[in-house]
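Step one of this worksheet: look at the structure below.
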Amino acid sequence: MKAVFMVMILATIPSHALATSFCERMLLDPEVPAGLDGSYEIVGKDPATGAAYTGTLVLGIGKDSYAITRTTGADIVNGDAWMESCGMDKIKALVVRYYTKPVTEMSCALDADGDNYYRATCRTHQVGQKRLGLEAWFQRP
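Taken in order, the sequence shown gives residues -19 to -1, 1 to 122; the numbers are from mature numbering (1 follows the signal peptide of the UniProt record, and there is no 0).
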């Protein structure tokens, strides 16, 4: 009887309430966060190989998202990024996608140093893989 009652209760919950996402993509606003575009020094750990790498990154403002070009050694990778608002508190996160094979996705927390230059700390993974990597960005003055 309790099981039937629970099924009846669950059936009354609107389906759209169950389908809501934890994070929602925000419209691109070049002013929020202000000054995010620019050039960065990067350091990271490749999720596929576990190897450490360093390089540079340029983040520009596109039509619907940020455009990214990452250079590590002789390798140049393009990608895009956007801001998402997550959870009840609407915490902002930067989501990045590099067009590697397989695609690399990142979720980044933004912070600023004492001179108001951005730092991003990112957890990375390749789509379809379980291994995780890291990447950190340090904005150039």
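Glycine included, each C-beta is placed from N, C-alpha and C at the ideal position.
In this structure, how does DSSP classify L91 when only helix, strand and coil are distinguished? Residue mapping note: residue 91 aligns to position 110 of the sequence shown, counting from 1. Correct three-state label for L91: strand.
Helix, strand or coil for R121? Go by DSSP, reduced to three states. On the sequence shown, position 140 is the one that residue 121 refers to. Note: R121 maps to coil in three-state DSSP.
Does the stretch 58 to 75 come within contact of the stretch 83 to 102, defined as at least 3 CB pairs closer than 8 Å? With a cut-off of 8 Å, the stretch 83 to 102 and the stretch 58 to 75 count as touching, because enough Cβ pairs lie within range.
Classify Y79 as helix, strand or coil using the three-state DSSP reduction. On the sequence shown, position 98 is the one that residue 79 refers to. Strand.
Cβ contact (3+ pairs, closer than 8 Å) linking the stretch 104 to 119 and the stretch 19 to 28: Counting Cβ pairs under 8 Å, three or more are found: they touch.
Between the CA atoms of G41 and Y98 - distance to the nearest angstrom: Against the sequence shown, residue 98 aligns to sequence position 117. Against the sequence shown, residue 41 aligns to sequence position 60. Distance between the alpha carbons of Y98 and G41 is about 16 Å.
Could you tell me which residues DSSP puts in a beta bridge with A101? On the sequence shown, residue 101 is found 120 positions in, with the first residue counted as 1. L91 and W118, per the DSSP bridge assignment.
In chain order, what residues of the same chain lie with their CB nearer than 8 Å to the CB of A93, ignoring the 5 residues before and after it? What you label residue 93 is simply residue 112 of the sequence shown in a count that begins at 1. Excluding its 5 nearest sequence neighbours in each direction, A93 has C-beta neighbours in its own chain below 8 Å: Y99 and R100, listed in chain order.
DSSP has S20 in a bridge; who is on the other side? In the sequence shown, counting from the first residue as 1, residue 20 sits at position 39. Beta-bridge pairing links S20 to V39.
With H, G and I counted as helix, E and B as strand and the rest as coil, what does DSSP make of E65? On the sequence shown, position 84 is the one that residue 65 refers to. DSSP, read as helix, strand or coil, puts E65 in strand.
Considering only their Cβ atoms, is the gap separating Q107 from A33 smaller than 8 Å? Along the sequence shown, one-based indexing puts residue 33 at 52. Along the sequence shown, one-based indexing puts residue 107 at 126. No, the Cβ-Cβ distance between A33 and Q107 is not below 8 Å.
As assigned by DSSP and simplified to three states, the class of A55: As a first step, residue 55 must be located in the sequence shown, where it is residue number 74. Residue state, collapsed to three classes: coil.
By alpha-carbon positions, which one of K71, C67 and Y47 ends up nearest to S20? By 1-based counting over the sequence shown, the position of residue 20 is 39. Of the listed residues, the one whose Cα sits closest to S20 is Y47.
Who are G25's beta bridge partners in DSSP? As a first step, residue 25 must be located in the sequence shown, where it is residue number 44. Paired residue(s): Y34 and E116.
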